[in-house]
Amino acid sequence: MYDAVFQIFQSSSSLELTIASFHLLMELGKQYPRVYLTNSGSHPTIVIVKESWSPFLLGNNVASGELGRNTSRSDHLFDSLRFSLLTEAMVEASNDTGANNGLKHIENMVLFQYLVRTLEADFVPRHIAYKESLDWVIIRESVLSVLLGSRKLVFKMFVKNCISLLNQHQREVEDDISSKSASDLDSSLTFSLLEFEREALISVKKLFIMVINLDLIRKEADKLGLTSRADGLRNPILEVILEELTYNTIYLSPFLLAFTEWKWKLQIILLYFSRYQVKSAVRTRRSDNSQQDLTVESALSMFSTEASAKAMVKMMCPEVAQLLLAHAYQVCLSVDGDSSEANDAAKMMGASLLEISCKFVSAFQNLRKINTNIQISQFEKEALFTAATLTRKLQNE
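As numbered in my numbering, residues 4 to 400 make up the sequence shown, in order.
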């Protein structure tokens, strides 16, 4: 039943059939999960039903369920290459406003959403089980790990396509698809496109966060000596994202607006600034990851005087610096006072909100001294106004 519905899902000729197939697949996933946790004893136990159906065709899983070894009956399933090609097709379709391509674009977005949810349903219980057991094999055998570890998938290109999707869908959602006139798409298709662009945005963010967590687990497993050469090696996703945002700064603003998970958003910003941080002459194993020591306070200190700000803008565009600082300050505002995030937030901020606010205002003043004609966006103006107002308020208290 799973397989038949999935084939209908991909070969449907109408939006209604696509949506109906999607919902049926989601219901089947809830009723017959491939991976789930049971509460036996004091700790949750993971159950993996290896013979259950999956839309992914990976490793030794030549075919799932009763498909056997007949590859003609499994060509509708997704291996690493086909998953990567799906993101490519979505990027290309985003640039086409034709009605037929608009419908195909929606179908691809729904398909991508389903595949990401399938990855999530497999990875999340494994992640929970790993925290309890530190059993690396549980994570190594996850669909996400196998999918990204395949040589068929060019990881950097895949991440680049996902960033493009994130940026394109963010712009579409912001503009309320005003760029698409009524003559381009009928009203029902326009509404569907907007809704599924929002869902696609969420799916890309979910995928990024899962891969970030996968990388953190891999790093921890490496330190514990649990990994081997057979586990493969690829660049961590945060490094790939940082590289893409560094060399394509046009992606920065929409990416930071779209990527709202505060901890990883702030980590990306601090990693960006760490590229321009003066490195210690002596490097040890403890100090090897210099970005771990970088906080919002120390990033702002790079612009604490006119001279230091001038040195920074020789290395990075001042408009980029302003944008990053404004988003970092926004994150500080959002997590301040949140007791559930207090410890992580305090470590990453490196100072009180009053000190951060004072240094934020000072940083912008020093950048303005260097270039009196520098442009400040509305978002940055609002952050600056908030910082100045909050500084006066907190100082009076």
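Idealized CB from N, CA, C, for every residue including glycine. For clarity, every value in this text was computed on a predicted model and none was experimentally measured.
Would you mind stating whether Ser97 and His172 have Cβ atoms separated by less than 9 Å?
yes
In whole angstroms, what is the alpha-carbon distance linking Ser337 and Met305?
23 Å
Applying the criterion that 16 or more other CB atoms from any shown protein chain within 10 Å of the CB defines a buried residue, is Gly152 buried or exposed?
Looking at its Cβ environment, which holds 16 or more other Cβ atoms inside 10 Å, Gly152 is buried.
Spatially closest choice to Cys335 from Lys350, Leu197, Leu88, by CA coordinates
Lys350
Segment contact flag, the stretch 133-153 with the stretch 226-235, C-beta cutoff 8 Å, min 3 pairs
yes
Nearest-angstrom Cα distance between Ser17 and Ile109?
11 Å
Kindly indicate which three-state DSSP category Val52 falls into: helix, strand or coil?
coil
Whole-angstrom distance between Val162 and Tyr250, CA atom to CA atom:
14 Å
Could you tell me the boundaries of the beta strand (DSSP E) in which Tyr39 lies?
38-43
Mapping the DSSP letters down to three states, classify Arg72 as helix, strand or coil.
Residue placement at Arg72 is poorly supported in this model, since its pLDDT is 42, which falls under 50; the coordinates are not used for a value here.
Taking DSSP as the reference, what is the three-state secondary structure of Ala324?
helix
Contact check, Pro257 vs Arg174, beta carbons under 9 Å:
yes
Residue of Asp218, Leu60, Phe211, Gln325 minimising C-alpha distance to Thr263:
Checked all of Asp218, Leu60, Phe211, Gln325; the closest Cα to Thr263 is Phe211.
Inter-residue CB distance, Ile379 and Val316 (contact presumed, cutoff 8 Å):
Actually they are not in contact, since the Cβ atoms of Ile379 and Val316 sit about 15 Å apart, beyond 8 Å.
Distance, Cα to Cα, Val94 vs Ala203?
12 Å
In this structure, does DSSP put His46 in helix, strand or coil?
strand
Considering only their Cβ atoms, is the gap separating Val146 from Phe59 smaller than 9 Å?
Taking a C-beta distance under 9 Å as the contact criterion, Phe59 and Val146 qualify as a contact pair.
Measuring CA to CA, which of Leu229, Leu248, Leu260 is closest to Phe382?
Leu260
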